[in-house]
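Right, one structure below, let's go through it.
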Amino acid sequence: MTAVVAPEPTRAYPVRLTATPEPDGPSRGLWLVKWLLVIPHAIVLAFLWLAFGVLTVVAFVAILVTGRYPRAIFDFTVGVLRWSWRVSYYAYGNLGTDRYPPFSLRSDPDYPADLHVEYPERLSRGLVLVKSWLLAIPHYLILGALTNTGAVQAVDADGTWVWRAPGLFAVLAVIAGVALLFTGRLPQGLYDLLLGLNRWALRVTGYAALMTDAYPPFRLDQGGPDGPAAPPPPTPAGSRWTAGPVLSVIAGAVALAVGLGMATGAAAMLAAREDGFVTTPTMSVETEGYAVVTDVLRLEGVGLDEGLGQVRLRAEADDGREIFLGIGADDDVRAYLAGVERSVVRGPWLPERSLPGGPPASAPEDATWLASSSGPGRQELVLEPQEGSWLIVVMPTDLSTGLAAEVDAGAEFPWLEPAAGVLLALGLGLLLVGAGVIALGVRAASVRAAG
Numbered sequence: 002m003t004a005v006v007a008p009e010p011t012r013a014y015p016v017r018l019t020a021t022p023e024p025d026g027p028s029r030g031l032w033l034v035k036w037l038l039v040i041p042h043a044i045v046l047a048f049l050w051l052a053f054g055v056l057t058v059v060a061f062v063a064i065l066v067t068g069r070y071p072r073a074i075f076d077f078t079v080g081v082l083r084w085s086w087r088v089s090y091y092a093y094g095n096l097g098t099d100r101y102p103p104f105s106l107r108s109d110p111d112y113p114a115d116l117h118v119e120y121p122e123r124l125s126r127g128l129v130l131v132k133s134w135l136l137a138i139p140h141y142l143i144l145g146a147l148t149n150t151g152a153v154q155a156v157d158a159d160g161t162w163v164w165r166a167p168g169l170f171a172v173l174a175v176i177a178g179v180a181l182l183f184t185g186r187l188p189q190g191l192y193d194l195l196l197g198l199n200r201w202a203l204r205v206t207g208y209a210a211l212m213t214d215a216y217p218p219f220r221l222d223q224g225g226p227d228g229p230a231a232p233p234p235p236t237p238a239g240s241r242w243t244a245g246p247v248l249s250v251i252a253g254a255v256a257l258a259v260g261l262g263m264a265t266g267a268a269a270m271l272a273a274r275e276d277g278f279v280t281t282p283t284m285s286v287e288t289e290g291y292a293v294v295t296d297v298l299r300l301e302g303v304g305l306d307e308g309l310g311q312v313r314l315r316a317e318a319d320d321g322r323e324i325f326l327g328i329g330a331d332d333d334v335r336a337y338l339a340g341v342e343r344s345v346v347r348g349p350w351l352p353e354r355s356l357p358g359g360p361p362a363s364a365p366e367d368a369t370w371l372a373s374s375s376g377p378g379r380q381e382l383v384l385e386p387q388e389g390s391w392l393i394v395v396m397p398t399d400l401s402t403g404l405a406a407e408v409d410a411g412a413e414f415p416w417l418e419p420a421a422g423v424l425l426a427l428g429l430g431l432l433l434v435g436a437g438v439i440a441l442g443v444r445a446a447s448v449r450a451a452g
């Protein structure tokens, strides 16, 4: 006798996405220009998602300390998800309606798409440390495979070309749009499938954004309704997030982002120095000929003396052999290397150019150089910059063929430290201002709700 275990009833997930098909349905051709119509929403959502990220960090700290998600911040982040879902439902996430989405964080019972998230009274202080970056990885992999584009790159004699394959979301949206264009209706199966994919993505987003401790199910729940439980009533008319607090939070988030960028840039400017020189990444060069030479380097301008200090050039052969490193005037170096087989380095991302020829007629020391050095190991030149057109040459001192070397260049910038100090001060100031403006916006929303 075989025992049959009845499945447990499916419990509604705290992040609930709903959509109500309209009797008339979307028009045949409007979807062709919806990319243009949603531009205002895309601009606003770009700022809202910036504020979403900042407030999620604030919520992370609050949950870690108190075990609670601040209610005013929770309402804002849910509102951003709701706004995004309405725009997606209208546009190419579902093509479900021709009704233009409202510019609002609040729930709108008259709009055919909505989203609700149950407010958690308590959240785990331990889970908040691992939910977003560790526990949600399986969902990221699945959704990434469904939504991301694939790319195949090939290189031929004329350059590089890339072919990209669209993700499943894009393919389904295009198929649904074409069907709508020719038949006047969305295929019900595609409509339900797109709803299911959006539902899965938004559940994972809510979980990763710390809104719930309930792990998202690996389940594609298709169709408009979402679980047996009815969504909570919409926020009352006296909404906590009106235009003033929202603009305050957005302005604060922008200030924080700019301030963080300025402070990080200042720190990077100071960290990039090595013995007082801002040094390029080490670059590998090689040749089957007798020398490696750069393209022409032109130094000119009225600010050359004030804006640029000493310049440092370094080179070292991979096999430790003796090498010659020199920098000279364009005409002098070209005269010395005339008819010499060599490789020309055109930049870190461009292939070297090989020039045919024979061996040099004389040792490099016999030519005219602005500065030069030769011997085993690393060779280094430190010199004052001068106006003109210059070439840098690396070659074996014994005039043999074949060379592989590591090279870098550095320069002193007298203005760098003062500029980094000013940039750091401005960045820290913007961080403080941004944090204060966000705090005022959240407080205003909380007081409005309490009132």
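Numbering of the sequence shown is given in the working numbering, commencing with residue 2 and proceeding in unit increments.
Ideal placement from N, C-alpha and C gives every residue a C-beta, glycine not left out.
Predicted, not measured: the structure shown is a model, and the values here were computed from it.
Option nearest residue i by Cα separation, candidates the options
| i | options | result |
| --- | --- | --- |
| V39 | G94, P71, L56 | G94 |
| G327 | A316, G428, P360 | A316 |
| T283 | D99, R379, G30 | R379 |
| Y1 | V118, L96, I176 | No answer is possible for residue 1: the residues shown for the chain start at 2 and end at 452. |
| W391 | D319, P27, P397, R299 | R299 |
| D279 | A368, A412, V131 | The sequence shown places Val at residue 279, rather than the Asp named in the question. Checked all of A368, A412, V131; the closest Cα to V279 is A412. |
| T21 | L173, Y192, V59 | Y192 |
| R87 | N199, S249, R220 | N199 |
| T470 | A426, P352, W32, F75 | What is shown of the chain runs 2 to 452, which leaves residue 470 out entirely. |
| P218 | A210, V205, G224 | V205 |
| L196 | V179, D222, L124, L116 | D222 |
| D99 | L433, E323, G178 | G178 |
| T398 | E388, G376, D320, L382 | G376 |
| L1 | R72, T184, V66, D111 | With the chain covering 2 to 452 only, the question about residue 1 has no answer from this structure. |
| S363 | L400, G168, G348 | L400 |
| K132 | Y291, F104, A292, I64 | I64 |
| R123 | G68, L382, A47, A292 | G68 |
| L314 | L116, E407, P41, L56 | E407 |
| R220 | I393, R126, P139 | P139 |
| Y291 | G358, L248, G321 | G358 |
Whether residue i touches residue j by CB criterion (9 Å)
| i | j | result |
| --- | --- | --- |
| G30 | L203 | no |
| V395 | L384 | no |
| G245 | G442 | yes |
| V438 | V286 | no |
| Y120 | P102 | no |
| L173 | L144 | no |
| L356 | V334 | no |
| V346 | T295 | yes |
| E307 | G389 | no |
| L147 | F170 | yes |
| L106 | L257 | no |
| L96 | W32 | yes |
| Y337 | P360 | no |
| L211 | Y112 | no |
| A254 | L425 | no |
| R186 | G26 | yes |
| A114 | L18 | yes |
| F61 | A446 | no |
| P386 | V312 | yes |
| G435 | A252 | yes |
| V293 | E381 | no |
| T402 | S344 | no |
| A215 | Y14 | yes |
| G127 | A267 | no |
| V247 | L116 | no |
Residue interval of the beta strand (DSSP E) (run including residue i)
| i | result |
| --- | --- |
| F414 | No beta strand (DSSP E) holds F414; DSSP gives it neither H nor E. |
| M396 | 389 to 397 |
| A372 | 372 to 376 |
Span of the alpha helix (DSSP H), counted from its first residue to its last, around residue i
| i | result |
| --- | --- |
| F278 | F278 -> not in any alpha helix (DSSP H); beta strand (DSSP E) instead, spanning 278 to 280. |
| Q380 | Run containing Q380: none in the alpha helix (DSSP H); it sits in the beta strand (DSSP E), 380 to 384. |
| L402 | Position check: residue 402 holds Thr in this sequence, whereas Leu was assumed. It is not in any alpha helix (DSSP H) - T402 carries neither H nor E in the DSSP assignment. |
| G145 | 138 to 148 |
CB contact check: residue i to chain D, cutoff 9 Å
| i | result |
| --- | --- |
| V423 | No chain D is part of this structure, which consists of one protein chain only. |
Inter-stretch contact (C-beta, 8 Å, three-pair minimum) for the region 273 to 293 and the region 405 to 417: yes
Every unbroken beta strand (DSSP E) inside the region 51 to 120 [3 residues or more]: 114 to 118
The region 36 to 54 / the region 67 to 85 touching (three or more Cβ pairs under 8 Å): yes
Minimum length 3: unbroken beta strand (DSSP E) runs contained in the region 287 to 364: 292 to 295, 298 to 300, 312 to 318, 324 to 330, 343 to 346, 354 to 356
Residue ranges of each alpha helix (DSSP H) within the region 12 to 49, 4 or longer: 35 to 38
The region 370 to 379 in contact with the region 327 to 342 per 3-pair CB rule at 8 Å: yes
Beta strand (DSSP E) segments (min. 3 residues) lying fully within the region 171 to 244: none
Inside the region 250 to 280 only - alpha helix (DSSP H) runs reaching at least 4 residues: none
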